[in-house]
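Chemist:
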C-alpha cells in the first residue's frame with residue numbers, strides 16, 4: 001500500500017466512523033514509512049536555547065489573599081507556545097496570555113487529538129522556586145503524545161522552556177506553604193482536515209494558574225460512589241495515558257455520585273476490580289487475608305491506571321517508612337473491600353494526585369449499602385503523614401532529590 005492509498009483509507013474511515021480505523025500503541029511507537037512526520041522523522045527538535053520572550057504591557061492584578069484564586073480560575077500573564085510544522089518545531093516563544101483563533105475543521109475539536117499534564121511550582125522559605133519531580137511529568141507527557149501518534153519531542157528541552165516561563169511568572173507563585181502555581185502543558189493536533197489521521201501539525205502550549213490551598217477549610221474525608229455501570233478505562237484502552245478524552249466521560253457518573261451524597265466515584269471494571277477514585281489513583285491500607293499490614297494500589301500492568309507521580313512517590317515513601325509488611329501493586333476488588341470492612345480489617349483509603357496530594361476517604365456506597373470505616377470521621381494517621389511529608393519536600397523544607405530547584409535565569 002502506498003502513502004496516498006493509506007491516507008485516503010484513513011479519511012474514508014473517519015467518514016464511516018472514527019472507530020473504523022485503529023492505530024495500535026505499538027504501531028505508533030515505531031518509525032512509520034507512511035507518516036515520516038512521526039517520531040524519528042522530526043527534522044528539528046525543540047531548542048530551549050533559542051527561546052524568545054515578549055513581555056506583556058498590561059500585567060494583571062494579583063490577589064492579596066491567595067485563597068481567593070481557588071483552582072484553575074485565574075491565569076498568569078504569559079504562556080509558552082511551540083508549533084510543529086513541516087516536520088520541524090518552531091522557535092519556542094513566551095508571549096502574553098491570549099486566546100487562540102481556531103479553524104472549525106481543526107482535528108483537536110473533532111477527534112480529541114490532545115494530551116496534557118498537570119504539575120506545580122512551589123515557593124520555599126527563601127523565595128526560591130521549586131518543582132516536584134518534573135521530569136516524570138515530561139516523560140509521561142511524551143508517552144501520552146505517542147499514544148496519539150504525535151511526533152516525538154525532547155522532554156528535557158521542553159522542561160527548560162517551562163522553567164523559563166515559570167521564572168518569568170515567579171511572582172504568581174504564592175508564598176504560603178500549601179499554595180502553589182499549577183502548570184498545565186498541553187499538546188494538540190492542529191491539522192485543518194475532517195479525515196481521521198495522525199496529526200502532521202500540532203501545538204504545544206503551557207499556561208500557569210495560581211491556586212489556593214486545596215484544604216483551606218481543613219482536610220476532610222469524602223465518601224465514594226462505587227460503580228461499574230460507567231467505566232473509566234479498560235484493557236487495550238487509554239486509561240494509562242493523560243488524554244483529554246479520558247476525562248469528560250467521567251462527569252456523568254460523578255453527577256450520579258453527587259445524587260447519592262458521594263463527592264467522587266470509585267471506578268470499577270466489569271469484574272469488580274478497583275481502577276481509580278475520581279481523577280486520582282486509589283490507595284488502600286488494610287490487613288490482608290494473610291494477616292499482613294499492607295498498602296495496596298492497582299497495578300499499572302494492563303495500562304488501565306494512570307502512572308501518577310504522586311502515586312509513585314507514595315509507594316516509595318511507604319516502603320521506606322517500615323510501617324507495612326507489604327507494599328503492593330496489584331488487584332483490589334470491591335468484594336475484597338466489603339469483606340475487609342465487615343471483618344474490621346480496612347484501615348485507611350485515600351486518593352492521591354497532583355491537585356490534593358492525598359484525599360482521604362471515610363467510606364463508600366455500593367449497591368445501595370454504605371460502608372463507612374473512619375470512626376467519627378477521623379482521618380488516617382498514615383494518610384496525614386504522607387500529606388505532610390510530600391508537602392515538606394515540595395516546599396524545600398525537607399531536602400530531597402524530588403525537589404527540583406529552578407536556578408535564577410538571565
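Numbering (UniProt numbering), first residue to last: 1 to 410.
By construction, the Cβ of each residue, glycine as well, lies at the ideal position given by its N, Cα and C atoms.
Keep in mind the model is a prediction, meaning the values are calculated, not measured.
Are the beta-carbon atoms belonging to residue 292 and residue 325 less than 8 Å from one another?
Modeler: In contact: residue 292 and residue 325 (Cβ atoms closer than 8 Å).
Chemist: From residue 99 to residue 75, what does the alpha carbon distance come to, in whole angstroms?
Modeler: Computed Cα separation, rounded: 12 Å.
Chemist: Please specify which runs of the beta strand (DSSP E), each continuous and at least 3 residues long, are wholly inside the stretch 141 to 200, giving them in chain order.
Modeler: List check, beta strand (DSSP E) in window: 180 to 189.
Chemist: Taking 6 Å as the limit between beta carbons, can you name the residues of its chain near residue 24, skipping five residues before and five after?
Modeler: The pLDDT assigned to residue 24 is 42, lower than 50, so where the model puts this residue is not dependable, and the model offers no usable value.
Chemist: Ignoring anything shorter than 4 residues, give me the alpha helix (DSSP H) runs that lie fully in the stretch 98 to 126, in order along the chain.
Modeler: Segments of the alpha helix (DSSP H) lying fully in the stretch 98 to 126: 107 to 111.
Chemist: Quickly, what does DSSP pair residue 281 with across the bridge? List them, please.
Modeler: Partner(s): 352.
Chemist: Cα-Cα, which of 108, 77 and 141 is closest to residue 194?
Modeler: Comparing Cα positions, the closest option is 108.
Chemist: Using C-beta distances below 8 Å, list every residue in its chain close to residue 328, excluding the 5 sequence neighbours before and after it, in chain order.
Modeler: Once the five neighbours on either side are set aside, the close Cβ partners of residue 328 are 294, 295, 296 and 297.
Chemist: Using the three-state DSSP reduction, which class does residue 59 fall into: helix, strand or coil?
Modeler: Correct three-state label for residue 59: coil.
Chemist: Need the endpoints of the alpha helix (DSSP H) that residue 253 sits in, please.
Modeler: Its alpha helix (DSSP H) spans residues 251 to 259.
Chemist: For residue 6 and residue 143, what's the separation of their Cα atoms in angstroms?
Modeler: A caution first: residue 6 carries a pLDDT of 46, below 50, which makes its placement in the model unreliable, though a value can still be read off. Approximately 25 Å, taken between the alpha carbons.
Chemist: Tell me the rounded alpha-carbon separation between residue 91 and residue 206.
Modeler: Near 15 Å, if we compare the C-alpha coordinates of residue 206 and residue 91.
Chemist: Along the chain, where does the alpha helix (DSSP H) containing residue 338 start, and where does it finish?
Modeler: Taken as a continuous stretch (DSSP letters only), the alpha helix (DSSP H) holding residue 338 covers 334 to 342.
Chemist: In whole angstroms, what is the alpha-carbon distance linking residue 164 and residue 409?
Modeler: The alpha-carbon atoms of residue 164 and residue 409 are separated by roughly 7 Å.
Chemist: Should the stretch 379 to 388 be regarded as contacting the stretch 235 to 248, the criterion being three or more beta carbon pairs within less than 8 Å?
Modeler: No, because fewer than three Cβ pairs between the stretch 379 to 388 and the stretch 235 to 248 fall closer than 8 Å, the two stretches do not touch.
Chemist: Please identify the residue among 257, 105, 302 and 141 whose C-alpha is closest to the C-alpha of residue 196.
Modeler: Taking only the C-alpha atoms, the option nearest residue 196 is 105.
Chemist: Short of 6 Å in beta carbon distance, which residues of its chain neighbour residue 309, apart from the five on each side in sequence? Order them along the chain.
Modeler: Excluding residues within five positions, the ones whose Cβ falls inside 6 Å are 133 and 136.
Chemist: Distance check for residue 118 and residue 402, CA to CA, integer angstroms please.
Modeler: Their Cα atoms are separated by approximately 16 Å.
Chemist: With 16 other CB atoms within 10 Å as the buried threshold, where does residue 85 fall?
Modeler: When all chains shown are included, residue 85 counts as exposed.
Chemist: Spatial neighbours of residue 177 within its chain, please: C-beta separation below 6 Å, excluding the five flanking residues on both sides.
Modeler: Answer for residue 177: 395, listed in chain order.
Chemist: Assuming residue 394 is part of the alpha helix (DSSP H), what are its boundary residues?
Modeler: Per DSSP, residue 394 belongs to the alpha helix (DSSP H) from 381 to 394.
Chemist: Ordered along the chain, which non-local residues of its own chain (more than five positions away) have a Cβ less than 8 Å from that of residue 299?
Modeler: The answer, listed in chain order, is 305, 329, 330 and 331.
Chemist: For chain B, find out if any of its Cβ atoms is closer than 8 Å to the Cβ of residue 133; answer yes or no.
Modeler: Of the protein chains in the structure, only one exists, and it is not chain B.
Chemist: The alpha helix (DSSP H) with residue 317 in it runs from where to where?
Modeler: From DSSP, the alpha helix (DSSP H) with residue 317 extends over 309 to 321.
Chemist: Assess, as a yes-or-no matter, whether the stretch 166 to 183 is touched by the stretch 268 to 277 under the definition of 3 or more beta carbon pairs within less than 8 Å.
Modeler: Result no; under three Cβ-Cβ pairs closer than 8 Å.
Chemist: Under a three-way DSSP split, which group does residue 363 fall into?
Modeler: Of the three classes helix, strand and coil, the one that applies to residue 363 here is strand, per DSSP.
Chemist: Within the same chain, show all residues whose beta-carbon is closer than 7 Å to that of residue 221, passing over the 5 residues directly before and after it, in chain order.
Modeler: If we look at residue 221 and ignore the five residues flanking it on each side, its Cβ neighbours are 360, 361, 362, 374, 377 and 379.
Chemist: Suppose the cutoff is 6 Å on Cβ atoms and the five residues either side in sequence are ignored; what does the same chain contact list for residue 391 look like?
Modeler: Contacts found: none.
Chemist: Could you check whether residue 120 and residue 370 sit closer than 8 Å to each other, using their CB atoms as the reference points?
Modeler: No.
Chemist: CB residue 358 to CB residue 350, shorter than 8 Å?
Modeler: Cβ atoms of residue 358 and residue 350: closer than 8 Å.
Chemist: Tell me the rounded alpha-carbon separation between residue 404 and residue 346.
Modeler: Between residue 404 and residue 346, the C-alpha separation is close to 36 Å.
Chemist: Using a threshold of 8 Å, state whether the C-beta atoms of residue 131 and residue 46 are closer than that.
Modeler: Their beta carbons are not under 8 Å apart, which means residue 131 does not touch residue 46 by this criterion.
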